[in-house]
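Input: a single structure, listed below in C-alpha cells.
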C-alpha cells in the first residue's frame, strides 16, 4: 500500500506501527477450510435473525481468494408479502454507495482524468465553500475524507424539502464551517457528492453515466445503478421498513438521487460480490487490470481519526470513502449504510486474508449487518462467536433516534400553564426567504396555519399553536411523533418580521426574514 502525502491526525510512523501490529494480530493466513466451516454457521445466524423478526429480509455475499463462496437471500422483500429475497434482489444500499463511488473515482484517477489531489476550483470553478482559502485549496481527497470543514448535515436539510443536487451544491457556500479546513472530520453526504461530481465533469458525462461506464458495466453489475428510476424498475426489489407499533412496515419510499454518489446506489448481493473481487485483487478483475492498484490503494490510507469502534473497540479511521479499522482480527476496510426510513447495509474486507463480506438488509433501525459480519469474522478467525454481536449492535442503532425523539416530546409535552395566545393569523401569514433555504410561505389553512418550503412550495407542514409566537410541526416521516418548533418574531406593527424553522436550523440558517408586505 502506498502511503501517500496527506496523512492527517496520524503520522506515518504510527500508521506503519499499526500496520505491523495488524499483521502480527493475524499472522497465519486463513485457510479455505476455515471458511467452509464458518459458512453454514453464518447461514444459520442469518436465518435466525430473520426468523426472530430482527429484519424482514437479508442478502449476503462472501468472497474469498477471488471466488464467491457464499451468495444467498433470506426472508422477504416486503413484510407481510410472499415474495422472498434472493441473491438478485435489488436493495438501496445508502452510504455503502461511498466506497463504491470511491472506486469509480479511483478508475478516473487510474485513467489520468483526475488525481486525488485535483483541486475542485479547477474541476468545478462554480463551487464555493463559505471561506475563500478552503475554496481555492479544496481537493477531491478532502471531500472524500470528510475534512473540508463542512458540517455533516450540510445540504441534507435542503434535500429533505425537495431541492435538486445542483441547487444544494450551490447553496453549500452559505453554510458556516464546523471546523478549520482539514482540521476536523465531519461526515458529509453532499461534500462527498461534490467531490464525485467534480471528478466526473472532466469526462463531459454525468456522474451516473461515469459510474456505469467505469465500474458497473465492466464488472457485469447489470442490476446496479446510481439512478432511483432504475431501482424502481426492478420487480425484484426490497422495500424499506421501519417499526410501526413494534412490527416492520413498508411505509416510506426514498429517492436519493440528489446525493447519488454518497447514498444513491442500488445493487444486489451478486453484483456487489463482483466489486469485492475487484478490490481484493487490487483492481484486477477476471485477469484484466481495470483500475491501477495505486489509485485504489490511496482510498485505504487512514487520513482522519474516527475514534474507537463503539462495540468492538478497534481503532477506526477514515480514508477516501472507506473506514479503515485496526481491530481484533487485524486490518479491515469497511463501510456501513443506513436510511433512517428503512435500509441497512455493510461491507467488511480483510485485505491480508483476501476475504470480504457484503450484507444488505431492508430495515432500520437494526444492527444485524454489523452483528452478522462480526460473528462471521469470529467464526473464521477464532472458530467460535465471541458474543452476541447482533444484540450489541442493535443497542447502538436503537439509540440513534429514540433519545432525540423523547427529548423533543418531553420539551413540548404540554404548553405552559400560562400559555400566551397566538396573534391573529394574518400576523404570521406571508412570504419569508433567505439565501440558503430559499422561499417559505406561511398561509391560512382552515382554522390554522401551514408552512410551505422547497421549490415551488413542494413541502407543506401544518403548524399547531403551542405558546405565544411558537408553533409546532412534525416534519420527519421516519420519526412522525417528534415535534419541532417554528417560531416567529412579531414587531410593534403586529406582523412577524422573521420566522425560524427548527428543522432547517441545524447550521443556524433556518431564520428567514419576511420579504414584501
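Residue numbers (this note's numbering): -15 to 501. Glycine included, C-beta positions come from ideal geometry on N, C-alpha and C.
Item, Value
"Delimiting residues of the beta strand (DSSP E) encompassing residue 436", "432 to 437"
"Whole-number beta carbon distance between residue 155 and residue 134, since they are thought to touch under 8 Å", "The Cβ separation is near 12 Å, so there is no contact."
"Contact set for residue 9: own chain, Cβ-Cβ below 6 Å, skip 5 residues either direction", "Residue placement at residue 9 is poorly supported in this model, since its pLDDT is 47, which falls under 50; the coordinates are not used for a value here."
"For residue 432, the nearest candidate out of 450, 131, 17 and 421 (CA to CA)", "450"
"Endpoints, beta strand (DSSP E) assigned at residue 446", "443 to 451"
"CB contact check: residue 458 to chain C, cutoff 8 Å", "Although the question refers to chain C, the structure presented lacks it and comprises just one protein chain."
"DSSP-derived helix/strand/coil call for residue 357", "helix"
"Endpoints, beta strand (DSSP E) assigned at residue 55", "51 to 59"
"For residue 43, the nearest candidate out of 93, 444, 331 and 466 (CA to CA)", "331"
"Proximity below 8 Å, CB of residue 178 to CB of residue 128", "no"
"Endpoints, alpha helix (DSSP H) assigned at residue 27", "16 to 35"
"Residue 23 beta carbon less than 8 Å from that of residue 54", "yes"
"Candidates 390, 338 and 320, of which the one nearest residue 356 by Cα", "320"
"Per DSSP, the bridge partner or partners of residue 302", "288 and 307"
"As assigned by DSSP and simplified to three states, the class of residue 258", "helix"
"For residue 243: DSSP bridge partner residues", "Beta-bridge pairing links residue 243 to no other residue."
"Opposing strand residues paired with residue 472 [DSSP bridges]", "483"
"Residue 224 versus residue 470: straight-line alpha-carbon distance, rounded", "30 Å"
"Cβ-Cβ distance between residue 391 and residue 275 below 8 Å", "no"
"Inter-residue Cα distance where the pair is residue 126 and residue 140", "19 Å"
"Cα-Cα separation, residue 175 to residue 302", "15 Å"
"Beta-ladder partner(s) of residue 221, from DSSP", "74"
"Supposed close pair residue 305, residue 283 - CB separation, criterion 8 Å", "6 Å"
"Residue 499, DSSP secondary structure in three states", "coil"
"Own chain, CB closer than 6 Å to residue 211, minus 5 neighbours either side, in chain order", "192"
"Helix, strand or coil at residue 236 according to DSSP, with G and I counted as helix", "coil"
"CB-CB length for residue 69 against residue 57, believed under 8 Å", "4 Å"
"Start and end residues, alpha helix (DSSP H) containing residue 412", "409 to 412"
"Sub-8 Å separation of residue 60 and residue 41 beta-carbons", "yes"
"For residue 401, three-class secondary structure by DSSP", "coil"
"Three-state secondary structure assigned by DSSP to residue 418", "strand"
"Residue 85 and residue 180 closer than 8 Å at C-beta", "yes"
"Range of the contiguous beta strand (DSSP E) that encloses residue 336", "No beta strand (DSSP E) holds residue 336; DSSP gives it neither H nor E."
"Spatially closest choice to residue 264 from 339, 228, 247 and 249, by CA coordinates", "339"
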